[in-house]
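Okay, so the sequence shown: first residue is 102 according to my numbering, each after it adds one. From the three backbone atoms N, C-alpha and C, an ideal C-beta is built for every residue, glycine too. Here the structure is a predicted model, which means the values were calculated and not measured.
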Amino acid sequence: MKNDTAYIRELASLAPIIPVLVVEDVAHAIPLAEALVRGGLPVLEVTLRTDAALDVMTAMASVKGARVGAGTLVTAEDVAAAKAAGATFGVSPGSPAALIDACLEAGLPLLPGAATATEVMTLQARGFEVLKFFPAEGAGGIKTLKGLGGPLPGISFCPTGGVTPQNAPDYLALSNVVCAGGSWIAPSDLVKAGKWYQIEERARQAAALPR
Ligand code: 3PG
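Here's what the structure looks like:
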């Protein structure tokens, strides 16, 4: 089965930032997703790092306008669980062959992780054109993205990991960056405290970033 680059490109076009979400309590899912969508960030990455994550995805998928995906996909089992929970796309920090196979077989569009030229080329050979550059700052940040852009101009990136409101504009200005991911829009303390208006404001500012 082919990968679904068109869907990933569509997601990247919807907003400059994909909020990376770690949600412990399913009761927070709907108000959090509503705040993010109201703020202009409809593409939501729910990380599979909490016991509630799958239920959170299912709840968020009912929010009008939200495009809910599963982050931190590591195993083939994660892919099946995310799909069953209603995720419409997946995000992974890396790109092991078994995970790629599982996403292709399940028909789950994937934003696979890459940080080196070999990883990028391996994914390109399998038809992937939009990749998560992870961990963005740890892997050399803007310099590395510029370096990869020379020999591999057909690849677009969503840098994630160390992206902040301060450095996001510089990432988004790169010709091979289509969007960026980050956890600063909905940090755990604001989510746990139910500060939906503050999260909405953060989303609004992120959604207004130029690119
Ligand atoms: C993650 O998967 O945790 C993302 O890389 C988020 O990174 P950040 O917390 O640095 O935004």
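| Check | Outcome |
| --- | --- |
| Would you call the stretch 184 to 201 and the stretch 216 to 229 touching, i.e. three or more CB-CB distances under 8 Å? | yes |
| Among Asp-105, Val-138, Pro-236, whose alpha-carbon lies nearest the alpha-carbon of Arg-47? | For the chain, the structure presents residues 102 to 312; residue 47 sits outside this window and is missing. |
| Looking at Leu-112 and Phe-190, is the spacing between their C-beta atoms short of 8 Å? | yes |
| Do the stretch 157 to 170 and the stretch 119 to 137 make contact, defined as three or more Cβ pairs closer than 8 Å? | yes |
| What are the complete beta strand (DSSP E) segments, minimum 3 residues, inside the stretch 124 to 187? | 144 to 148, 168 to 172 |
| Does the separation of the CB atoms of Val-124 and Val-144 fall below 8 Å? | no |
| Using a Cβ-Cβ cut-off of 6 Å (strictly less than) and excluding sequence neighbours within five positions of Leu-253, which residues of its own chain qualify? | Val-221 |
| Have a look at the DSSP bridge pairing and note the partners of Pro-120. | Gly-283 |
| Taking the alpha-carbon positions, what's the Gly-141 to Thr-176 distance? | 31 Å |
| Checking 8 Å against the spacing of the C-beta atoms, do Gln-299 and Pro-266 come in under that value? | no |
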